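Engineer: Following this message is one structure expressed as structure tokens.
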Amino acid sequence: LVFMKDFTFQEVLFEFEILDSTNLEAIRKIESLEGGLCFAVTARAQTEGRGRLARKWESPHAGNIYMTLALEEKLLPFELGKILPLYTAFSLIQAINSDLVKYKWPNDLMIEGKKFSGVLCQKYKGFYIVGIGVNVVSSPDYGAYLGGYNLDLTPMNIFDSFKENLDFSPEYVINFLSKKFFKQYEIEVNKGEFKGDFAGITEEGNLILRSSGKDGIIKYGDVS
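Okay, so the sequence shown: first residue is 46 according to our numbering, each after it adds one.
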């Protein structure tokens, strides 16, 4: 196998002023065979950006990052492909390189309890499609943004980190994110459907909650 880190990103970066969605544009590139095996799409603004659980990702502000990375499944080590949302969050944290940044399962990043970045992963015709939104210069929902903490990030920083960290094992990624977890106690999933203390992350990337001395495995949900 030839892994993604052997490809040159600069040749396959598509930049737009405005798009409906960078994810949708990535799919169009795949359909037209225009993108190749590994490429990224960025836009200064999106009209139909979306996040997890069919939520809209507000994206009108130039200077924030609205980006989709698309790569053939074979370009990513299988073990990391299984935890792709977590690996993407890990890569973002590495790129930002600040102790202020915390991780919220499965794919959000926080500063001082406020979200500033989200990731949306899907598969499409043999490709991983990784949508990444980062509030860099502003936050439309009164959340955090990197510039407010004298931090910065570019699409190239993200891609370089994603590519350069492929040698890390899933165990390392999960251990790193566990130490970066934004909250240890009284965690709720799905608006109170599950409650407990953070007890770790499984090798498959699932959340472990501990309640009354017993551990429960959460495979999918929204943490608060």
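Note that beta-carbon positions come from the ideal geometry of N, C-alpha and C, so glycine has one too. Being a predicted model, the structure only gives us computed values, none of them experimental.
What residues in its chain sit with their C-beta under 7 Å from that of residue 134, if we drop five residues either side in the sequence?
Structural biologist: Only 148, 152, 154, 164, 222 meet the Cβ criterion.
Engineer: Excluding five sequence neighbours on each side, which residues of the same chain lie with their C-beta closer than 8 Å to the C-beta of residue 62?
Structural biologist: The residues are 88, 89, 90.
Engineer: With C-beta atoms as the reference, is residue 240 less than 9 Å away from residue 49?
Structural biologist: Taking 9 Å as the Cβ cut-off, residue 240 and residue 49 do not qualify as a contacting pair.
Engineer: Can the beta-carbon of residue 277 be found closer than 9 Å to that of residue 72?
Structural biologist: A question about residue 277 goes unanswered here, because the residues of the chain that appear run from 46 up to 269.
Engineer: Starting from residue 259, follow the beta strand (DSSP E) in both directions and report where the run begins and ends.
Structural biologist: Here the beta strand (DSSP E) through residue 259 covers 259-263.
Engineer: Spatial neighbours of residue 132 within its chain, please: C-beta separation below 6 Å, excluding the five flanking residues on both sides.
Structural biologist: Cβ neighbours of residue 132 beyond the five flanking positions: 125, 218.
Engineer: Classify residue 228 as helix, strand or coil using the three-state DSSP reduction.
Structural biologist: Note: residue 228 maps to coil in three-state DSSP.
Engineer: Buried or exposed for residue 215, going by 16 or more other Cβ atoms inside 10 Å?
Structural biologist: Residue 215 should be labelled buried.
Engineer: Identify, in the order they occur along the chain, each residue of the same chain with its Cβ nearer than 8 Å to the Cβ of residue 98, setting aside the five sequence neighbours on each side.
Structural biologist: Its pLDDT being 42, under 50, residue 98 is placed unreliably by the model, and nothing is read from it.
Engineer: Ends of the beta strand (DSSP E) at residue 113?
Structural biologist: Counting along the chain, the beta strand (DSSP E) containing residue 113 begins and ends at 110-117.
Engineer: By how many angstroms is the C-alpha of residue 261 removed from the C-alpha of residue 67?
Structural biologist: Straight-line Cα distance between these residues: approximately 36 Å.
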